[in-house]
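FYI, in full-length UniProt numbering the residues of the sequence shown are 1 to 106.
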Amino acid sequence: MDTAHFERVLLARKAEIERRLEKIDTDLGTLKSADSAERATEAENDEVLEEFGQVGEEELRAIDAALDRIAKGRYGQCVTCDEPISIERLNAVPHTPFCKDCAASH
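Below you can see the structure in the form of structure tokens.
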């Protein structure tokens, strides 16, 4: 398996998420409108941004774990059953720690 390819994919995705999280932080730190109706809309938008931020943080943790598995020579092996993860699955979700069977049981 070409782990260097997956490492490049993971690092590119990590950089993309970090850029998005930085933009979310900037947007959340922006001064709010004095108009109460606009403030209500902005508050709803902030909730959505915070949720996107949480999802991004979770994906970053998964990517870092996958990069750690690459460094340890364990990338592509299921962390639950130790069986190989299919290339198709890794291409779809490069940071997955689980084979198809174990992912279904989680």
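Note that CB positions come from ideal geometry on N, CA and C, so glycine has one too. What you are looking at is a predicted structure, and each value in this text was computed from that prediction instead of being measured.
Separation of residue j from residue i, as counted between CA atoms
i           : j     : result
ASP56       : ILE63 : A small correction: the amino acid at residue 56 is Gly; Asp does not occupy that position in the sequence shown. Using only the alpha carbons, I get a separation of about 10 Å.
ALA66       : ALA4  : 12 Å
GLU83       : PHE6  : 18 Å
ALA12       : GLU44 : 30 Å
LYS100      : TYR75 : 15 Å
PRO97       : LYS23 : 28 Å
ALA73       : ARG89 : Just to set this straight, residue 73 is Gly in the shown sequence, not Ala. Distance between the alpha carbons of GLY73 and ARG89 is about 18 Å.
LEU49       : ASN91 : 28 Å
residue 108 : ASP68 : Outside the modelled stretch of the chain, which goes from 1 to 106, sits residue 108, for which no answer is possible.
Residues sharing a beta bridge with residue i, DSSP
i     : result
GLN54 : In the DSSP output, where bridge partners are listed per residue, GLN54 has none listed.
PRO84 : GLN77
CA nearest to the CA of residue i, picked from the options
i      : options                   : result
ALA104 : CYS81, GLU47, ASP25       : CYS81
ARG19  : PHE52, MET1, LEU90, ALA92 : PHE52
Rounded Cβ spacing between residue i and residue j (contact assumed at less than 8 Å)
i     : j     : result
ILE85 : GLN77 : 7 Å
LEU21 : PRO94 : Not really, about 19 Å apart at Cβ, beyond 8 Å.
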